[in-house]
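Input: a single structure, listed below in structure tokens.
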Amino acid sequence: MTRRHSAPSSEATAAVLAVSWLSDDQRGSQVLAAARELIAVEQAAKQALPPALAEVCKVARIDRQQITLAVPGAAHAAKLRQIAPRIIQLLNSKGWNLTQISVRVQAGLAKTRTKTPSREVVPLDGTALKAFETLHSELRPGPLADAVQRLLRHHQG
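Numbering (my numbering), first residue to last: 4 to 160.
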């Protein structure tokens, strides 16, 4: 079995071009640096969070010594406020000089994108078709016989 290696997707190419453009532009490089900082703080903060909360918590903003965390609901926000001192302690131990956490509820964060796995269709081989033909000949007329007949027509035609 041979596998073909495909070229990078157009999305990946566009992302590389966008990052390249951002890093070359004065304002763009500041935006890129801020985005990288937010991502780094988010990854560090998630180490102090329970897994379910870490999955939905996002760093929304860092302003001086205050970090704003966004979560999709009030229950998440309440739990986050309870463990805020632990998060600040962890982030300070990793080099960020933070003294306060504010929590913002943003309902849109709960929306997740699910990928539907592609369906792999395997056609029936000759042996399978012969078995279904035998089955169809032994069935009494009715819904099951009709279903087997449709299956045979589908796979033979």
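Note that beta-carbon positions come from the ideal geometry of N, C-alpha and C, so glycine has one too.
Whole-Å CB distance - residue i paired with residue j, under 8 angstroms assumed
i: Val151; j: Phe135; result: 6 angstroms
Beta-bridge partners of residue i, as assigned by DSSP
i: Ala48; result: Paired residues: none, contrary to the question.
i: Thr71; result: Arg64, Ser105
Cβ pair residue i, residue j closer than 8 angstroms
i: Val62; j: Val34; result: no
i: Ile90; j: Ala48; result: yes
i: Val74; j: Val106; result: yes
i: Thr102; j: Gln68; result: yes
i: Ser26; j: Ser32; result: yes
Neighbour-count burial assignment, residue i, 16 or more Cβ in a 10 Å radius
i: His157; result: exposed
i: Ala38; result: exposed
i: Leu147; result: exposed
i: Val19; result: exposed
i: Ile42; result: exposed
i: Ala17; result: exposed
i: Glu123; result: exposed
Residue i versus the options, residue with shortest Cα-Cα distance
i: Leu52; options: Leu41, Leu83, Ala78; result: Leu83
i: Arg129; options: Leu155, Pro54, Ala80, Glu40; result: In the sequence as displayed, the identity of residue 129 is Gly instead of Arg. The candidate whose alpha carbon is nearest that of Gly129 is Leu155.
i: Lys97; options: Lys133, Gln50, Thr137, Gly111; result: Gln50
i: Val1; options: Ala81, Lys133, Gln69, Gly145; result: As displayed, the chain neither begins before 4 nor continues past 160, which places residue 1 out of reach and without an answer.
i: Ser65; options: His139, Glu123, Leu94; result: Here residue 65 is Ile; the residue named in the question, Ser, does not match the sequence. For the residues His139, Glu123, Leu94, the minimum Cα distance to Ile65 belongs to Leu94.
i: Ile104; options: Ser23, Lys133, Gln92; result: Gln92
i: Gln159; options: Pro120, Leu138, Leu132, Glu58; result: Leu132
i: Leu99; options: Arg30, Ser26, Ala36, Glu40; result: According to the sequence shown, residue 99 is Trp rather than Leu. It is Glu40.
i: Ala110; options: His79, Pro54, Leu142, Pro88; result: His79
i: Ala57; options: Ser140, Ala87, Arg153; result: Ala87
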